[in-house]
Amino acid sequence: MSITELRELVASVAATQKETALQMKDTDRRMAETDAQMKETDRQMKETDRQMKDTDRRLKELGIQIGGLGNKFGSFTEGLSYRSVARILREKFGMNDFIAPSVRVSRGGREEEYDILAYSNGTLDKGLIVEVKSKLRREDITQMKRKMEGIFEMMPEHRDKTFQGLLVCISGSMELKRDVLENGWHLAHLSDDLFELETPGDFVAKTYSAKAAE
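The sequence shown begins at 47 in the working numbering and counts up one residue at a time.
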């Protein structure tokens, strides 16, 4: 091999090494870019996961808030009806000694809340449990039955009285309203911004007494 050929070979090898070095640097750059992209993808996936968890949390909070709105509307209904119901209780039922909204009673590890509790002492010795509902539902009737049947267990201090039930609602199906009356409870509804009794004239209310509960 001549000197010229040797020089050309050396030059060729050097050029190849330089090209290879450039290619390796480009490969390193591409790998670094790929690694950066993978890290960015991983970051985006983590951010997406965080957002999904945040969305799930917000949806749960929204569900709680919607439930809360229902409760607030129920409280609003109770507040709206209280004066009218109190008037009915005084004028129609003679409840002149005690009428109070949102009465909570705890007894033997059990707790019960009555939308309105009313009673009259003396010669009358009667009381009423009043439940106020925005829309009458089947479970409201079940709840009312439990409360009426457990009166003297929850409030033994009133065992000398007889009690009746009154369900007040803004709306409700005719079937459910019939069930209310068939259970022997008085019924009232919202009319012209006032609650009025819907109980028929020949209606005979069911009376709960401590003796009958024994």
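Glycine residues also receive a C-beta, built at the ideal position from the N, C-alpha and C atoms.
Note that the structure is predicted; figures quoted are calculated from it, not measured.
- Between the segment 135-155 and the segment 186-195, the count of C-beta pairs closer than 8 Å stays below three; the two stretches do not touch.
- Burial check for V214: the Cβ neighbour count within 10 Å reaches 16 or more, so the residue is buried.
- Taking 8 Å as the upper bound for CB-CB distance, L240 and L233 are not in contact here, some 15 Å apart.
- About 23 Å separates the CB atoms of M141 and S180; that is not less than 8 Å, and the two are not in contact.
- In the three-state DSSP reduction, S58 falls in the helix class (H, G or I).
- Per the coordinates, the alpha-carbon of T80 lies some 10 Å from the alpha-carbon of D74.
- DSSP places T87 in the helix class (H, G or I) of the three-state scheme.
- Here G173 is not near M194, since their CB atoms are 7 Å or more apart.
- According to the DSSP assignment, F241 belongs to the beta strand (DSSP E) that extends over 240-243.
- In the DSSP assignment, T208 falls within the beta strand (DSSP E) that extends over 208-217.
- Straight-line measurement puts the Cα of F144 at about 15 Å from the Cα of T169.
- Of the candidates M91, T62, R184, E199, E199 places its Cα closest to the Cα of R156.
- The three-state reading of DSSP puts P147 in strand, counting E and B together.
- D248 is not a Cβ neighbour of K207, given a cutoff of 7 Å.
- S130 carries a helical assignment under DSSP once its states are collapsed to helix, strand and coil.
- Between the C-alpha atoms of A82 and Q63 there is a straight-line separation of about 28 Å.
- Linking T50 to D72 through their CA atoms gives a straight-line distance of about 32 Å.
- It is roughly 12 Å from the alpha-carbon of A132 to the alpha-carbon of L243.
- With contacts defined as CB atoms closer than 7 Å, A146 and R205 fail to qualify as a contacting pair.
- Residue range 184-195 is occupied by the alpha helix (DSSP H) that includes R184.
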